[in-house]
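Residue numbers (my numbering): 2 to 548.
Read the structure below first, then the notes.
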């Protein structure tokens, strides 16, 4: 508890130091909070006031690796953030101070239940690289293979959970403080962050992701995925093949090796669309630090991908939605784009299609003032999502990951080859995929996919047929019984209706008798009392005896 208080205090003073109060809607706060925050901000005011995006980035860097990681993920939510903030957060780097090599060795020995000297022929206590969640050491197996050992930071999960709790508190405050705060959906952003970062803490899951991606690209000329050594993988430790290649961001080294940059850029786009549409499983953290290039054949360069902690997947409905939307957009068929959003349920069914179409046209049409090669797929998706949000569209997490990855691939591709025309590369792929979804080949694949399940149901078919025939044979008997019951019920209803006036008259007679009979009338009968008693008896007869 005390640690959480100190952590919260540090966060508050960091907010004040970097003047993040500019992001707080003061006019929506109670007067006492406006006064208190205003006074504190004057105390923490820096002499040099930078723009708000830069101040937010510097504040996250000063708070440590967990907040740096949060800033990186937040930078991908361009459907929620203004461009100046998103651009600054995108500059956050994943380089943080390394932890002790002895500590890393202790974690390895604890998880793999053996001394490092028994596990490896050689092990370097000096880390090769250090990130916010884990760091990497080089090693050599006794069989001679060179490997890298990835180790989760000690006690990082406890720190993450504490910081996430504080982030939720801040997010709820921002959401309640103003309509702008609610529009940014801060609680939803923190939830996405929690899901993503907790997944990164499990290296066994990352190893499984790496294995699947490797199988998807077995013998591929486009992408190489390092081998995982499963006997050395646990929750906090993962061992995989050490790769050698040129970092994809090192343009000078790639040019010096005579790399065909146009081919490299186009292959990057092809890898992305293959993962999304053919495999339904894509690497969702493809920033330059996770991508290398094998230039052993510089005219046909090959990508090497590492760090498969964050992966995305799309179901058939999502892929269909995405492909048809992109094709409709580049054909400027905004009516179809609007109808696809409504049809897929991404916006409410009652959304007026004509109004939605007009809003999409106003956002997307100016993009076509540019040459086609300069149109950004990522910006197309952002524009569509931002427009659809005005019509109560809820952006799905898998599409947010897709948008982030597409922006990374686009930026990387144009960095490698500025004249890259993504549409020339992507359109044939999308059209071919759509044709495959509707052609006889797709039908045959679906039959083959369902055949094992159908075969498993075949032995049950005779019993199902017998049961159905038995039910049919008894159907007439049941119908006769139901008809007789309905007729009997009808008679009772008619009988009740006929007797209803008599019963009402009986109730009236009883009521009149009750009002006219006095307590002493039974001792000294008079004519009025005799009338009352008569009314009582008549009412009793009509109510009880008369059918």
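Think of the CB as a built atom: it goes at the ideal place given N, C-alpha and C, for glycine as much as any other residue.
Computed from a predicted structure; not experimentally measured.
Element boundaries [beta strand (DSSP E), containing residue i]
| i | result |
| --- | --- |
| residue 303 | 303 to 306 |
| residue 135 | 135 to 141 |
| residue 296 | Looking at the DSSP string, residue 296 is not in any beta strand (DSSP E), and its letter there is neither H nor E. |
Host alpha helix (DSSP H) of residue i (start-end)
| i | result |
| --- | --- |
| residue 1 | There is no way to answer for residue 1, as the model of the chain reaches only from 2 to 548. |
| residue 211 | 204 to 217 |
| residue 420 | Premise fails: residue 420 is in no alpha helix (DSSP H) and is neither H nor E. |
| residue 198 | 187 to 201 |
| residue 151 | No alpha helix (DSSP H) holds residue 151; the beta strand (DSSP E) holding it covers 147 to 153. |
| residue 259 | Element bounds for residue 259: n/a, residue is neither H nor E. |
| residue 223 | Neither: residue 223 is in no alpha helix (DSSP H) and is coded neither H nor E. |
| residue 1 | Only positions 2 to 548 of the chain appear in this structure, which leaves residue 1 out of reach. |
| residue 286 | That residue, residue 286, is in no alpha helix (DSSP H); it is neither H nor E in DSSP. |
| residue 460 | Looking at the DSSP string, residue 460 is not in any alpha helix (DSSP H), and its letter there is neither H nor E. |
| residue 233 | Premise fails: residue 233 is in no alpha helix (DSSP H) and is neither H nor E. |
| residue 104 | 102 to 113 |
| residue 333 | Taken as a continuous stretch (DSSP letters only), residue 333 belongs to no alpha helix (DSSP H), as it is neither H nor E. |
| residue 63 | 53 to 64 |
| residue 87 | 84 to 90 |
| residue 93 | Per DSSP, residue 93 belongs to no alpha helix (DSSP H) and is neither H nor E. |
| residue 351 | Taken as a continuous stretch (DSSP letters only), residue 351 belongs to no alpha helix (DSSP H), as it is neither H nor E. |
| residue 593 | Residue 593 is absent from the model: the chain starts at 2 and stops at 548. |
| residue 117 | 117 to 120 |
Sequence-distant residues of its chain with Cβ nearer than 8 Å to residue i (five each side left out)
| i | result |
| --- | --- |
| residue 367 | none |
| residue 235 | 112, 113, 204, 205 |
| residue 90 | 54, 57, 58, 61, 72, 73, 75, 76, 82 |
Other residues of its chain near residue i: CB distance less than 7 Å, five sequence neighbours each side excluded
| i | result |
| --- | --- |
| residue 245 | none |
| residue 272 | 223, 224, 304 |
| residue 340 | 354 |
| residue 464 | none |
| residue 122 | 141, 142, 143 |
| residue 117 | 106, 109, 110, 124 |
Inter-residue CB distance, residue i and residue j (contact presumed, cutoff 8 Å)
| i | j | result |
| --- | --- | --- |
| residue 414 | residue 266 | 4 Å |
| residue 409 | residue 288 | 6 Å |
| residue 404 | residue 383 | 7 Å |
| residue 136 | residue 99 | 5 Å |
| residue 362 | residue 322 | With a Cβ gap of about 19 Å, residue 362 and residue 322 do not count as contacting. |
| residue 392 | residue 352 | 5 Å |
| residue 389 | residue 347 | 7 Å |
| residue 229 | residue 208 | 5 Å |
Sequence-distant residues of its chain with Cβ nearer than 6 Å to residue i (five each side left out)
| i | result |
| --- | --- |
| residue 187 | 172, 175, 176 |
| residue 302 | 260, 265, 294, 296 |
| residue 210 | 309, 312 |
| residue 147 | 141, 243 |
| residue 358 | 335, 336, 339 |
| residue 428 | none |
| residue 191 | 168, 169, 172 |
| residue 333 | none |
Nearest to residue i (by Cα), restricted to the options the options
| i | options | result |
| --- | --- | --- |
| residue 61 | 109, 291, 133, 384 | 133 |
| residue 145 | 354, 238, 120 | 120 |
| residue 257 | 299, 158, 472, 284 | 299 |
| residue 64 | 14, 75, 141, 83 | 14 |
| residue 424 | 331, 221, 269, 251 | 331 |
| residue 284 | 262, 209, 308 | 308 |
| residue 92 | 69, 335, 83 | 69 |
| residue 237 | 291, 110, 251, 349 | 110 |
| residue 198 | 252, 242, 286 | 286 |
| residue 166 | 387, 335, 195 | 195 |
| residue 292 | 355, 240, 227 | 227 |
| residue 138 | 348, 192, 240 | 240 |
| residue 417 | 344, 456, 270, 427 | 270 |
| residue 385 | 364, 86, 486, 402 | 364 |
| residue 159 | 67, 229, 192, 233 | 67 |
| residue 233 | 115, 360, 157, 454 | 115 |
| residue 551 | 325, 456, 220 | Not covered by the structure: residue 551. The range shown for the chain is 2 to 548. |
| residue 329 | 254, 435, 400 | 435 |
| residue 327 | 282, 371, 252, 379 | 379 |
Do the stretch 204 to 221 and the stretch 166 to 180 meet, that is, are 3 or more Cβ pairs less than 8 Å apart?
-> no
Below 8 Å, can you find three or more Cβ-Cβ pairs linking the stretch 208 to 219 to the stretch 115 to 131?
-> Between the stretch 208 to 219 and the stretch 115 to 131, the count of Cβ pairs shorter than 8 Å is below three; the stretches do not touch.
State whether the stretch 304 to 322 contacts the stretch 275 to 286, with contact taken as three or more CB pairs (one from each stretch) at a distance under 8 Å.
-> yes
Using 8 Å as the Cβ pair cut-off and three pairs as the minimum, do the stretch 247 to 265 and the stretch 315 to 330 touch?
-> The stretch 247 to 265 is not in contact with the stretch 315 to 330.
Touch test, the stretch 141 to 158 against the stretch 98 to 107, Cβ-Cβ under 8 Å, three pairs minimum = yes
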